[in-house]
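Going down the list, the sequences are from chains A and B.
Going by the numbering used here, the first sequence runs without a break in its numbering and finishes at 559.
Going by the numbering used here, the second sequence runs without a break in its numbering and finishes at 1147.
We put the beta carbon where it would ideally sit given N, CA and C, even for glycine.
All figures in this text were calculated on a predicted structure; none of them were measured in a lab.
Below: one structure, written as structure tokens.
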Amino acid sequence: MDEPRIGVFVCHCGINIAAYVNVPELVEYAKGLPNVVHAERNLFTCSEEGISAIKRGIKEYNLNRVLVASCTPRTHEPLFRAACEDAGLNKYLFEFVNIRDQCSWVHMREPERATEKAKDLVRMGVAKARLLEPLEEIEVKVAPSALVIGGGVVGMEAALNLARQGFDIHLVEKEPELGGTLRSVYKLFPTNQEATKLIKLFVEQIEKHPKIKTYLSSKVKEVTGFIGNFDVNLDGKGGASKFNVGTIVVATGADKLKPVGQYGYGKMSNVITQLELEERMKKGEPLGQNVVMVNCVGARIPERTYCSRICCMTAIKNASLIKESNPEARVWILHRDLMTYGVDFEKYQRRAMEMGVRFIRYSLESPPEVVGDGKVERIKVYHELWGKDIELPCDMLVLTTPLIAGEDNQDISKMLKVSLDEFGFFLEAHLKLRPVEFAMDGIYICGSARWPTDVAEGISQAFAAASKAAGPLRLGYVKPEAINAWIDEDKCSGCGICELLCPFQAIELQPRDDRRVSHVSEVVCKGCGTCSAACPSGAIIMHHFTNEQILAQIEALFS
Amino acid sequence: MAEFEPKIIVFACNWCTYAAADLAGTSRVQYPPNAYIVRMMCSGMINPSYVLRAFEDGADGVIVSGCHYTDCHYIDGPVKCDAMFAKLKRLVHILGLEDERLKREMISTSEGTVFARVVREFVSELKRLGPSPFSSLRNSRKEKAVA
């Protein structure tokens, strides 16, 4: 490799970096670092202007290494790497220095020290950049089929969407029939359409689509492999099945919280949840003249801080339906805040108020109290506007409870090697930039498995996840990152520690002449580097994270 | 004399702790600028020599941090990291460094505030401990070389 010629591009990120880090000073500093032949600053390096500055820099200064100091590689590395590639530079000759998320944004009150830290970080980055090597990516074929886990409306929509694009779809549902959570719902807000009719619409299309194979009462037992080539094992009523898919969509939905012990639920016969209310309404069972609903039961409390989003509208919908079928009934909704966002939902709530549904706000500190013996007779609540306790007659108490993470999430997360958030819901790769993808390539997420969503949102997400999942299927190949392990066969003693440690079974001892040496499958290797850390002979090089590169970074910090 | 500002190297795995440090940023959680992250793909790839070199070069403290056991992108990196860390801890002790200077953490993607807290607490702990015996040794060596 020629003598390194490094170009440093420092991003202002508008004021996000420049307000706390002295960017001109940083650029001047970078110019003095070894092998840096060009340094400049950009208002936004990720803008079209910034990207052309990188490409121009590569040509003009004959750069063979590019370093961008800006936000975080987790969101913007692919963009800058692509710019390098466009200008004819191997994308692995690009180095990212994080001076926003891990510097300017966390040291906002100490601009001078933030500037010094940014200089240290750039110096460390340059030290690594000097040692970067070009790497070549291999092409892996993608099987033109997908697995959709979860047969609710969201999963069905994703499956239909992918099938219509011509791919073979395996749709897996753990229950004996399709429909998911909506099977226990009566009508859907804001249109008041019957949930069963919607499900039927989907199921009919699923059943007659030749490209969709549905597995009911089945669970995914094992998934091995990687994007383009997942081997799936199912356990089901009809026995075990085995197939190969290119991508996977997770649409497993969520579970319902049973508020046992709260407001007499489980002890008093006239305390039910919204879903149980919907079952009764479906059957046309009488509800009594006075219905009180309590929102946020088990949600937005210290143990479960999130808002389940769909419950306010569910309560308003059910209250309106009660008033519609029996205008003489009295319905109160006791709520904390009311989430009726957007045009349709706000209109829907106004309509409920006009129909006579009464809304009373309570606070977490003084929740409503149940009055009654054996069954609820009255509800006592502190009325914030009146400034005193009032009592409401109550024939039926309906508790509005949040959706909670599915009980299988832990297992699925381990099986697919995807993350969960602190509440056990699935966690996407990036909230804004990659909302329907997992960090693990080739696996996508939609619907309430991520967080509680209503039908319209869930279906939009299903479209999004399906189109993302179709990308690699349509292309027919993927190029996995070339960040993987490489064995120096001359140094390898054939001890087999790496074979033992590799979590992906990517390493195998193979005969070479009269001995055995380790061999890494580039496709299977995910680049965790465990083997390289453990190799007693120092025979394994982790591309892009070599010992030399890491030690150079450390050394540079203290030089 | 200016207050002693310890230098800390954080070996952070790409998928959890690095992301947590980013989250601290996007949430604007403030912590002192003493910690420098060296990005690793996995906590299981941290070679003991990296940590020893950090101390040798003058780090006052080192944090080795990755995913929780159940979150690992590579299935069981944290278990491998633990095994490496246990040996490393003994080595660092033999070398005469205070045990407190080497920390093992598990910080997941959603724990931005935890990352900030760990750095904040480590900085004050190291300020109590003072500079690493190695870094003062190194400085006196540097001075001699200049003289």
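Under 9 Å by beta carbon: chain B residues contacting residue 253(A): For the purposes of this step, residue 253(A) is identified with residue 253 of the first sequence, where counting begins at 1. Here the premise fails: no neighbours, minimum Cβ distance about 21 Å.
Is residue 1110(B) closer than 8 Å to residue 1077(B) when the C-beta atoms are compared? Walking along the second sequence from the start, residue 1077(B) turns up at place 77. Walking along the second sequence from the start, residue 1110(B) turns up at place 110. Cβ atoms of residue 1077(B) and residue 1110(B): not closer than 8 Å.
Kindly list, in the order they appear in chain A, the residues whose Cβ is closer than 7 Å to that of residue 1133(B). Position 133 of the second sequence holds residue 1133(B). Those within 7 Å of residue 1133(B) in chain A number zero; the least Cβ separation is about 15 Å.
Please confirm whether residue 142(A) and residue 159(A) have their CB atoms less than 8 Å apart. Counting from one through the first sequence, the residue named residue 142(A) turns up at place 142. Counting from one through the first sequence, the residue named residue 159(A) turns up at place 159. In this structure, residue 159(A) does not lie closer than 8 Å to residue 142(A) by Cβ.
Measure the C-alpha to C-alpha separation of residue 435(A) and residue 377(A) and round it to an integer number of angstroms. For the purposes of this step, residue 435(A) is identified with residue 435 of the first sequence, where counting begins at 1. For the purposes of this step, residue 377(A) is identified with residue 377 of the first sequence, where counting begins at 1. Residue 435(A) and residue 377(A): Cα-Cα distance of roughly 46 Å.
Measuring only between beta-carbons, confirm whether residue 532(A) sits less than 8 Å from chain B. Position 532 of the first sequence, counted from the first residue, corresponds to residue 532(A). Yes, its Cβ sits closer than 8 Å to a Cβ of chain B.
Compute the Euclidean distance between the alpha carbons of residue 25(A) and residue 36(A), then round it to the nearest angstrom. If you number the first sequence from 1, residue 25(A) lands on position 25. If you number the first sequence from 1, residue 36(A) lands on position 36. Roughly 15 Å separates the two Cα atoms.
Tell me residue 20(A)'s beta-bridge partners as DSSP assigns them. The residue you call residue 20(A) lines up with position 20 of the first sequence. Residue pairing for residue 20(A): DSSP places it in no beta bridge.
Under three-state DSSP, which class holds residue 457(A)? Translated into positions along the first sequence, residue 457(A) becomes position 457. Residue 457(A): helix per DSSP, three-state reduction.
Within its chain, find whatever has a CB closer than 6 Å to the CB of residue 469(A); leave out the 5 residues flanking it on each side and keep chain order. Locating residue 469(A) in the first sequence gives position 469, where the first residue counts as 1. Cβ neighbours of residue 469(A) beyond the five flanking positions: 146, 247, 249, 444.
Using the beta-carbon of each residue, which ones in chain B are nearer than 7 Å to residue 193(A)? Counting from 1 along the first sequence, the entry for residue 193(A) is found at position 193. Those within 7 Å of residue 193(A) in chain B number zero; the least Cβ separation is about 36 Å.
Bounding residues of the beta strand (DSSP E) (the contiguous stretch that carries residue 149(A)): Locating residue 149(A) in the first sequence gives position 149, counting from the first residue. Start and end: 145-149.
Reference residue 479(A), options 438(A), 489(A), 525(A), closest by Cα: One-based indexing of the first sequence puts residue 479(A) at position 479. Nearest option by C-alpha distance: 525(A).
Residue 402(A) and residue 299(A) look like a contact to me (Cβ under 8 Å); what is the Cβ gap, rounded to whole Å? Residue numbering aside, residue 402(A) sits at position 402 when the first sequence is read from its first letter. Residue numbering aside, residue 299(A) sits at position 299 when the first sequence is read from its first letter. Taking the Cβ atoms as the reference, residue 402(A) lies roughly 4 Å from residue 299(A), within the contact range of under 8 Å.
Under 8 Å between C-beta atoms, does residue 441(A) make it to chain B? As a position in the first sequence, residue 441(A) is number 441, starting the count at 1. Residue 441(A) does not count as touching chain B.
Closer than 8 Å to chain E by CB, residue 1106(B): Absence of chain E from the displayed structure is noted, the protein chains being A and B.
Whole angstroms is fine: what's the gap from residue 221(A)'s alpha carbon to residue 162(A)'s? Position 221 of the first sequence, counted from the start, is the residue given in the question as residue 221(A). Position 162 of the first sequence, counted from the start, is the residue given in the question as residue 162(A). Roughly 23 Å between the two C-alpha positions.
Distance between residue 184(A) and residue 150(A) (C-alpha atoms, nearest Å): Locating residue 150(A) in the first sequence gives position 150, where the first residue counts as 1. Locating residue 184(A) in the first sequence gives position 184, where the first residue counts as 1. C-alpha separation (whole angstroms): 16 Å.
Classify residue 1093(B): buried if its beta carbon has 16 or more other beta carbons within 10 angstroms, exposed otherwise. Looking up residue 1093(B) in the second sequence gives position 93. Exposed, because fewer than 16 other Cβ atoms sit within 10 Å of the Cβ of residue 1093(B).
Check the Cβ-Cβ distances between residue 19(A) and every residue of chain B, and say whether any is below 8 Å. Translated into positions along the first sequence, residue 19(A) becomes position 19. Not an interface residue.
From the DSSP secondary-structure annotation, give me the bridge partner or partners of residue 1015(B). Counting from 1 along the second sequence, the entry for residue 1015(B) is found at position 15. Residue 1015(B) pairs with nothing; no bridge assigned.
Does the beta-carbon distance from residue 552(A) to residue 128(A) come in below 8 Å? As a first step, residue 552(A) is located in the first sequence; it is residue number 552 there, counting from the start. As a first step, residue 128(A) is located in the first sequence; it is residue number 128 there, counting from the start. Against a cut-off of 8 Å, the Cβ pair of residue 128(A) and residue 552(A) comes out as a contact.
Beta-carbon proximity list for residue 55(A), same chain, < 7 Å, skipping 5 on both sides: Translated into positions along the first sequence, residue 55(A) becomes position 55. Hits under 7 Å: 83, 86, 87.
Assign residue 308(A) to one of two classes, buried (16 or more other C-beta atoms within 10 Å of its C-beta) or exposed (fewer than that). Here residue 308(A) refers to the residue found at position 308 when the first sequence is read from its first residue. So residue 308(A) counts as buried.
Can you list the residues of chain B that residue 547(A) reaches, using a CB-CB cut of under 9 Å? Numbered from its first residue, the first sequence carries residue 547(A) at position 547. Chain B residues near residue 547(A): 1047, 1049, 1050.
Could you check the C-alpha separation between residue 373(A) and residue 330(A) for me, to the nearest Å? For the purposes of this step, residue 373(A) is taken as the residue at position 373 of the first sequence. For the purposes of this step, residue 330(A) is taken as the residue at position 330 of the first sequence. Roughly 22 Å separates the two Cα atoms.
Can you tell me whether residue 343(A) is buried or exposed, with buried defined as 16 or more other CB within 10 angstroms of its CB? Mapped onto the first sequence, residue 343(A) falls at position 343. Classification of residue 343(A): exposed, given that the 10 Å Cβ count is below 16.
Any Cβ of chain A within less than 8 Å of the Cβ of residue 1082(B)? Taking the second sequence and counting its residues from 1, one reaches residue 1082(B) at position 82. Chain A, which has no Cβ nearer than 8 Å to the Cβ of residue 1082(B), makes this no.
Using only the alpha-carbon positions, how far apart do residue 175(A) and residue 236(A) sit? Numbered from 1 along the first sequence, position 175 holds the residue referred to as residue 175(A). Numbered from 1 along the first sequence, position 236 holds the residue referred to as residue 236(A). C-alpha separation (whole angstroms): 10 Å.
If contacts are defined as beta-carbon pairs under 8 Å, then residue 446(A) and residue 462(A) qualify, I think. What distance do you get, rounded to the angstrom? In the first sequence, the residue the question calls residue 446(A) occupies position 446. In the first sequence, the residue the question calls residue 462(A) occupies position 462. Contact flag correct, Cβ pair sits at about 5 Å.
Assuming residue 404(A) contacts residue 364(A) under a Cβ cut-off of 8 Å, what Cβ separation, rounded to an integer in Å, is found between them? Numbered from its first residue, the first sequence carries residue 404(A) at position 404. Numbered from its first residue, the first sequence carries residue 364(A) at position 364. Contact flag wrong, Cβ pair sits at about 19 Å.
Taking just the CA atoms, how far does residue 120(A) sit from residue 1032(B)? Locating residue 1032(B) in the second sequence gives position 32, where the first residue counts as 1. Locating residue 120(A) in the first sequence gives position 120, where the first residue counts as 1. Using only the alpha carbons, I get a separation of about 15 Å.
For residue 430(A), the residue or residues it bridges with in DSSP: The residue you call residue 430(A) lines up with position 430 of the first sequence. Answer is 434(A), bridged to residue 430(A).
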